[in-house]
Amino acid sequence: MIKHKLYINGQYTESTGDEWIDIVNPATEEVISQTPKGTEEDVNKAIDAAFEAQKQWEKVPSNERGQIVRKLGDKVKEKRETFIKLLIEEQGKPQDQASDEVDTAIDYFYYMSEWARRIEGEILPSDRPNENIFIYKKPIGVVAGIVPWNFPVFILARKVATALIAGCSIVLKPSQQTPNTAAEFTKLVDEMDEIPKGVYNYVTGTGSTIGNVMASHPKVGIITMTGSVGAGTKVMEAAAQNITKVNLELGGKAPAIVTENADLDLAVKHIVTSRLTNSGQACTNAERVYVHESVADVFTKKLTEAMEKSETGNPNDETGLDFGPLVSKDRLDTVHEMVEKAVSEGAEILTGGKPLDREKGFFYAPTVLGNVKHNSSIIKEEIFGPVLPIVTYKTLDEAIEMSNDTEFGLSSSVYTENYHETMRVINGLKFGETFVNRENFEALQGYHAGVRKSGLGGADGKHGLDDFLVTHVAYMQYKTE
Numbered sequence: 001m002i003k004h005k006l007y008i009n010g011q012y013t014e015s016t017g018d019e020w021i022d023i024v025n026p027a028t029e030e031v032i033s034q035t036p037k038g039t040e041e042d043v044n045k046a047i048d049a050a051f052e053a054q055k056q057w058e059k060v061p062s063n064e065r066g067q068i069v070r071k072l073g074d075k076v077k078e079k080r081e082t083f084i085k086l087l088i089e090e091q092g093k094p095q096d097q098a099s100d101e102v103d104t105a106i107d108y109f110y111y112m113s114e115w116a117r118r119i120e121g122e123i124l125p126s127d128r129p130n131e132n133i134f135i136y137k138k139p140i141g142v143v144a145g146i147v148p149w150n151f152p153v154f155i156l157a158r159k160v161a162t163a164l165i166a167g168c169s170i171v172l173k174p175s176q177q178t179p180n181t182a183a184e185f186t187k188l189v190d191e192m193d194e195i196p197k198g199v200y201n202y203v204t205g206t207g208s209t210i211g212n213v214m215a216s217h218p219k220v221g222i223i224t225m226t227g228s229v230g231a232g233t234k235v236m237e238a239a240a241q242n243i244t245k246v247n248l249e250l251g252g253k254a255p256a257i258v259t260e261n262a263d264l265d266l267a268v269k270h271i272v273t274s275r276l277t278n279s280g281q282a283c284t285n286a287e288r289v290y291v292h293e294s295v296a297d298v299f300t301k302k303l304t305e306a307m308e309k310s311e312t313g314n315p316n317d318e319t320g321l322d323f324g325p326l327v328s329k330d331r332l333d334t335v336h337e338m339v340e341k342a343v344s345e346g347a348e349i350l351t352g353g354k355p356l357d358r359e360k361g362f363f364y365a366p367t368v369l370g371n372v373k374h375n376s377s378i379i380k381e382e383i384f385g386p387v388l389p390i391v392t393y394k395t396l397d398e399a400i401e402m403s404n405d406t407e408f409g410l411s412s413s414v415y416t417e418n419y420h421e422t423m424r425v426i427n428g429l430k431f432g433e434t435f436v437n438r439e440n441f442e443a444l445q446g447y448h449a450g451v452r453k454s455g456l457g458g459a460d461g462k463h464g465l466d467d468f469l470v471t472h473v474a475y476m477q478y479k480t481e
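Read in order, the letters of the sequence shown are residues 1 to 481 in full-length UniProt numbering.
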C-alpha cells in the first residue's frame, strides 16, 4: 500500500507525528493508500519555507513564471491517464467526469499562464504639480490553499496556478479523503528544477489541525479555502487573529427556475446533468427546482423518467456511467437522513429515496421529491447528493422571491425561451452566477464567486487573479529643471 510523505522546502519528509489517515475507495470500500496526519510543527515548517522562498519568487520575471505554470500543465497532460485513474479511485467519479476534470485542470494551467504579461497597474494624474500617481499590483505573499474532496484535481490547479502566476509561494493542503491526486501532482513539481525550493509545499492531515494553523499563521498572506460553511467559519475565525485575507468558496443551494415558456426537454436534460454530476456533490449543482404550475405535471414526469434512466456502477471498471458513489458512508447516511426528514415533513418520493442495493460502495439512488413546501428543510439545507426537490409556483416574482430566500448565494439557473423572463430573473436573483438554458458549470475566464454564506472573494479570470494581488500606490514627484 502506498504511504505518502509531506513535501516541504523542496524535499519529501516524514511527518513529525506518527498517525496515519486511511484513504478509502468509495466504490469498493477498500483502503487504497495512507497519508500522514500532519502536525502543527509540520505546517509551521512548510509556511516558514514558503515565506523565505517568497522573497525571491516574487522577483522572478512574470513571463518566466508563466512558462513554469504552462510546463506544469504539460506535465499533468503527460500523466493524464494516471490522474484520471487516481481520481476515480479516491473520489468515485465516473470515467467521463474524471476525464473532464483532469482536462479542465490542464486547461487551467494553460489559461492562467497567459496572464503572465497581463497583470497591470495604473498611472493617474495627481492634484499636485510635477507629480504622477503610480498604482502597482504586487503578490500578496504566502498562499495557504485548502482543497476539497469533490474536485481535488481541478481546484488544486485553480489555487496553485493562480498563486504561482501572481508571484506567490503556496502551502497546499488536500482533503484528507482525496490526497492521492495531489501527491501525484507534487511528484511533478519535484521534477521541475525551475521551481525553487519552498515555492510549493504539500502537507496533509485534518482541517482542525492543519487548516487552523494555516489560517492563523502570521506569515500567511491569504488563506484560500473551498469547503463547507462550517469549515469556512472556522477559517475566518482563525484568520481574524492576524487580519489575514480570506478567499472562501463555500456551500450552495442553487435554484433552477423552469418557466411556463421553457423548453421542457432541454430543462430536464440540463437539470439532471446539474444534479447528477459528481453524484450531486458540487456547490454549483442544482439543489431545488421551482417549476410553473401550468407545466409542473409534464415537467415532473419527464424529470422523474430521466432520473430513473440514469446509469451507475463501479467507475473503476465500468464506463458510460451517469453517476458514481458518494464520497463516504457518512455522506450516504446524511443524504438519506435528509430525504427521510423531507418525507416526514410531507414530501412524496417520486423515484429513488434510498441507498442502492449494492454489495459495496456508497451509492444513493437518484431521487425526485414532489409535494415539497418551500419552507421545508430539504429546500433550506444543502443536500450534496443526487436528490431533487420540486416546488411549484404561480408567478415569476414568486419564483424569484423563493429562490432568493436562502442563506446561500453561489449558483442559480433559469429555463425559458422568453427573453423578457430571462432578464427579469437575472436582474432579480441575488446570486454570484446564473446559468440560462444550460447546465451549471463555470468558465475559466469568468468569475466564480458567491454572496451571503457562499463565500468571500472568488476565482477564475482577471478578477480571481486579483484576489492574490495587493495594491501599492507610489506618489512620484519629479523636477522640471
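For each residue, glycine too, the CB sits at the ideal point set by N, CA and C.
Kindly list the residues whose CB is nearer than 7 angstroms to the CB of residue i, restricted to its own chain and excluding five residues on each side of it in sequence; keep chain order.
| i | result |
| --- | --- |
| Val298 | Leu264 |
| Ala46 | Ile8, Val171, Asn201 and Val203 |
| Asp22 | Val31 and Gln34 |
| Val189 | Ile195 and Tyr200 |
| Gly409 | Lys430, Phe431, Gly432, Gly450, Val451, Arg452 and Ser454 |
| Lys329 | Phe362 |
| Ile88 | Gln95, Ala98, Pro315 and Asn316 |
Leaving out five residues on either side along the sequence, give the residues of the same chain with a beta carbon under 6 angstroms from the beta carbon of residue i.
| i | result |
| --- | --- |
| His448 | Glu442, Gly458, Ala459 and Asp460 |
| Ala161 | Val69, Tyr108, Phe109 and Met112 |
| Lys380 | none |
| Glu194 | Ile68 |
| Glu19 | Lys37 |
| residue 514 | Residue 514 is absent from the structure shown; the chain starts at 1 and stops at 481. |
| Thr273 | Glu439 |
Near residue i, what residues of its chain come up, given a Cβ to Cβ distance below 8 angstroms and the 5 sequence neighbours on each side ignored?
| i | result |
| --- | --- |
| Glu120 | Lys137 |
| Asp405 | His374 |
| Ser376 | Ala342, Glu345, Gly346, Ala347 and Pro389 |
| Glu184 | Lys79, Thr82, Phe83 and Leu86 |
| Leu465 | Met112, Trp115, Ile119, Thr162, Ile165 and Ala166 |
| Leu321 | Pro94, Gln95, Asp96, Glu311, Thr312, Gly313 and Pro315 |
| Ser101 | With the sequence shown as reference, residue 101 is identified as Glu, and Ser is not the correct amino acid for it. Once the five neighbours on either side are set aside, the close Cβ partners of Glu101 are Leu87, Lys93, Phe151, Val153 and Phe154. |
In or out: residue i buried (at least 16 other Cβ within 10 Å) or exposed?
| i | result |
| --- | --- |
| Gly346 | exposed |
| Met112 | buried |
| Ala240 | exposed |
| Arg158 | buried |
| Arg117 | exposed |
| Asn278 | buried |
| Pro152 | buried |
| Ala166 | buried |
| Asn285 | buried |
| Val473 | exposed |
| Glu481 | exposed |
| Tyr364 | buried |
| Arg275 | buried |
| Pro125 | exposed |
| Phe134 | exposed |
Do you know whose CA, among the options, lies nearest residue i's CA?
| i | options | result |
| --- | --- | --- |
| Ile84 | Ala105, Ser454, Leu350 and Thr422 | Ala105 |
| Tyr200 | Ala306, Val43, Thr304 and Val102 | Val43 |
| Thr144 | Ser169, Glu407 and Gly409 | Contrary to the premise, residue 144 reads as Ala rather than Thr in this sequence. Closest option to Ala144, Cα to Cα, is Ser169. |
| Asn9 | Phe51, Ser33, Gly221 and Ile23 | Phe51 |
| Val368 | Ala238, Cys283, Asn437 and Tyr290 | Tyr290 |
| Ala306 | Ala267, Thr319, Asp333 and Pro325 | Ala267 |
| Glu293 | Ile379, Met338 and Glu398 | Glu398 |
| Asp96 | Gly324, Glu122, Ile349 and Met402 | Gly324 |
| Ile426 | Asn242, Glu41, Ser403 and Thr273 | Ser403 |
| Val372 | Lys354, Ile349, Leu72 and Phe431 | Ile349 |
| Val295 | Thr392, Val470, Lys55 and Thr16 | Thr392 |
| Leu456 | Thr304, Met423, Leu303 and Gly251 | Gly251 |
| Lys71 | Glu191, Glu481, Glu101 and Lys93 | Glu191 |
| Ala282 | Asp333, Met338, Ile155 and Asn63 | Ile155 |
| Met476 | Ser62, Glu260, Glu41 and Asn130 | Asn130 |
| Ala262 | Thr471, Thr416, Thr395 and Val470 | Thr416 |
| His217 | Ser228, Asp74 and Ala238 | Ala238 |
| Lys302 | His336, Glu40 and Ile271 | Ile271 |
| Glu337 | Pro355, Thr351 and Val327 | Pro355 |
| Val258 | Asn437, Val60 and Gly280 | Asn437 |
| Gly280 | Glu359, Val235, His4 and Ile383 | Ile383 |
Any beta-carbon of chain B closer than 8 angstroms to the one on residue i?
| i | result |
| --- | --- |
| Lys462 | Here chain B cannot be found, since the structure has a single protein chain. |
- Task: Identify every run of the beta strand (DSSP E) within the segment 319-356, keeping only runs that are complete inside it and at least 3 residues long; order them along the chain.
- Result: 348-351
- Message: As an exercise, report each continuous alpha helix (DSSP H) stretch of at least 4 residues that is fully enclosed by the segment 170-255, in chain order.
- Response: 180-190, 212-216 and 229-239
- Message: Does the segment 20-27 come into contact with the segment 309-321, if we say contact requires no fewer than three beta-carbon pairs (one atom in each stretch) closer than 8 angstroms?
- Response: A contact is defined here as three or more CB-CB pairs under 8 angstroms, and the segment 20-27 meets this definition with respect to the segment 309-321.
- Task: Enumerate, from N- to C-terminal direction, the unbroken alpha helix (DSSP H) stretches of 4 or more residues contained entirely within the segment 392-418.
- Result: Fully enclosed alpha helix (DSSP H) runs of 4 or longer: 396-404.
- Message: Would the segment 215-226 count as touching the segment 243-256 if we require 3 or more Cβ pairs under 8 angstroms?
- Response: yes
- alpha helix (DSSP H) runs contained entirely in the segment 57-135, provided each spans 4 or more residues: 62-78, 80-91 and 95-113
- Message: Please give the ranges of any alpha helix (DSSP H) in the segment 271-328, keeping only runs that are unbroken, at least 4 residues long and fully inside the region.
- Response: As far as the segment 271-328 is concerned, its whole alpha helix (DSSP H) runs of at least 4 residues are 296-309.
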